[in-house]
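Under this note's numbering, the residue at position 76 of the sequence shown is numbered 95, and the numbers go up by one with no gaps. Virtual Cβ for every residue (Gly too), placed ideally from N, Cα, C.
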Amino acid sequence: MNVLVTGAAGYIGSHACKRLLAGGHRVVALDDLSRGHRRALELLDAGESLCIAEGSVGDEPLVTSLLAEHAIDTVMHFAALAYVGESVEQPLRYYTNNVAQGLALLGACDASGVERFVFSSSCATYGDPPEGLVPVPETCPQHPTSPYGWTKLVYEHALLGWSHARALSSRPVAVALLRYFNVAGADSSGVLGEDHDPETHLVPVAIRATREGAAPLSLFGTDYPTHDGTCVRDYVHVEDLVDAHILTMTSIKRGKAVAYNLGVGRGHSVREVIAAVERATGRRVPVVEKRRRPGDAVALYADASKITRELGWKPRYTDIVETVASAARWFEANPRGYDG
Ligand code: UDP
20 MNVLVTGAAG YIGSHACKRL LAGGHRVVAL DDLSRGHRRA LELLDAGESL CIAEGSVGDE
80 PLVTSLLAEH AIDTVMHFAA LAYVGESVEQ PLRYYTNNVA QGLALLGACD ASGVERFVFS
140 SSCATYGDPP EGLVPVPETC PQHPTSPYGW TKLVYEHALL GWSHARALSS RPVAVALLRY
200 FNVAGADSSG VLGEDHDPET HLVPVAIRAT REGAAPLSLF GTDYPTHDGT CVRDYVHVED
260 LVDAHILTMT SIKRGKAVAY NLGVGRGHSV REVIAAVERA TGRRVPVVEK RRRPGDAVAL
320 YADASKITRE LGWKPRYTDI VETVASAARW FEANPRGYDG
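What follows is the structure in structure tokens.
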């Protein structure tokens, strides 16, 4: 397939590009490089199968010309601002980036020959699920607790509307809403890893905190109604996550829209993740206990049985220590990230 990958220089986008190229697909990697790393794409060393384009998904003329020039049939839309805490502080920036610019991308797709659209959605669209609905199924009511979650939910609805309208036309499209739980780990060949600036995600922050002289980890909230008072999340390995994208891309049918949860199906508290980092690195994670971070849901882990049942997806990484260890290996080899 000819795939436009947005946010291609980011953490998940770059892993997806690597996997797509390994599968023989041609990739146009679009990124505005505001938070992504061109180096991650250059390291893929993919020759003519990879075209790197610098620009915004909100630049409709640019996207329109890329779609036409490369005869794109599939879009994987990863580009987004993705920090819950930041979204509470800067909601309009999140709506502009994740919704308004995303709609410009969709406008360009609508006017082109795109047949499949795979969207990086989020478990943040569920907010705090009603009692008894964790693990969370796709049918869980969606009431986000942060502007970030809302931007993902609004975009899901835009895609559902588009898919519905196109199903009634002579040009039906296939749409997949992939709701990620927490993504962690790094590419097993050691080429790619997670390098955000600023870094706010628990696993990389905890790994960095193990280094000599590094700032201690701030643990946000110890009074949650969970078994140890800290938030519970489901950490899916980035390679399993991108495998789910490939499976979805190759099986979704035109005229249909599907939603799948992507998670391991098991929750780990923040304290358990810290313990996993200590086991994986053999070093202590110094911790400072802080107040709750605004926007955080209490406990979110996936019922991912739908994609297993329908597409046969099964995560290979089910042990949090292994997932964390793969991230730690990349940090060890790249202590300053891609730019080191
Ligand atoms: N967390 C924390 N300290 C940090 C980063 C995260 O205590 O430095 C907590 C955060 O409050 C949440 C969990 O770890 O309960 C996962 O947060 P992360 O930002 O990794 O992902 P999110 O769930 O927000 O997508």
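Its chain contains Asp51, Gln120 as the residues whose beta carbon lies nearer than 7 Å to that of Ser75, once the 5 sequence neighbours on both sides are disregarded; these appear in chain order. Note that the C-beta distance between Arg311 and Asp247 is not below 9 Å.
DSSP links Ile71 through a beta bridge to Ala48. Looking at the backbone, the Cα of Pro305 and that of Val289 are separated by about 13 Å. Annotation for Phe97: Val24, Thr25, Gly26, Ala27, Gly29, Ile31, Gly32, Ala35, Ser139 place their beta carbon closer than 8 Å to its own, counting only its chain and skipping 5 residues before and after.
Annotated three-state conformation of Glu88 is helix, per DSSP. In the DSSP secondary-structure assignment, Gly146 is bridged to His162. In the three-state reduction of the DSSP assignment, Arg58 falls in the helix class, which pools H, G and I. Note on geometry: alpha-carbon atoms of Trp169 and Cys142 lie some 11 Å from one another. Using a cutoff of 8 Å, the CB of Gly301 does not count as near ligand 1, since none of the ligand's heavy atoms is closer than that. Non-local C-beta neighbours of Ser68 in its own chain, meaning closer than 6 Å and more than five positions away in sequence, comprise Leu40, Arg45, ordered along the chain. The C-beta separation of Gly284 from Ala316 comes to about 17 Å, leaving the pair out of contact by the 8 Å criterion. A direct Cα-Cα distance of roughly 28 Å separates Leu330 from His89. Relative to ligand 1, the beta carbon of Asn201 is positioned inside 8 Å of a heavy atom.
In the structure shown, Leu281 falls within a strand segment according to DSSP collapsed to helix, strand and coil.
Counting only runs of 3+ residues, the beta strand (DSSP E) found wholly inside the stretch 241-306 occupies 254-256, 276-281, in chain order. Between the stretch 329-349 and the stretch 147-163, the count of Cβ pairs shorter than 8 Å is below three; the stretches do not touch.
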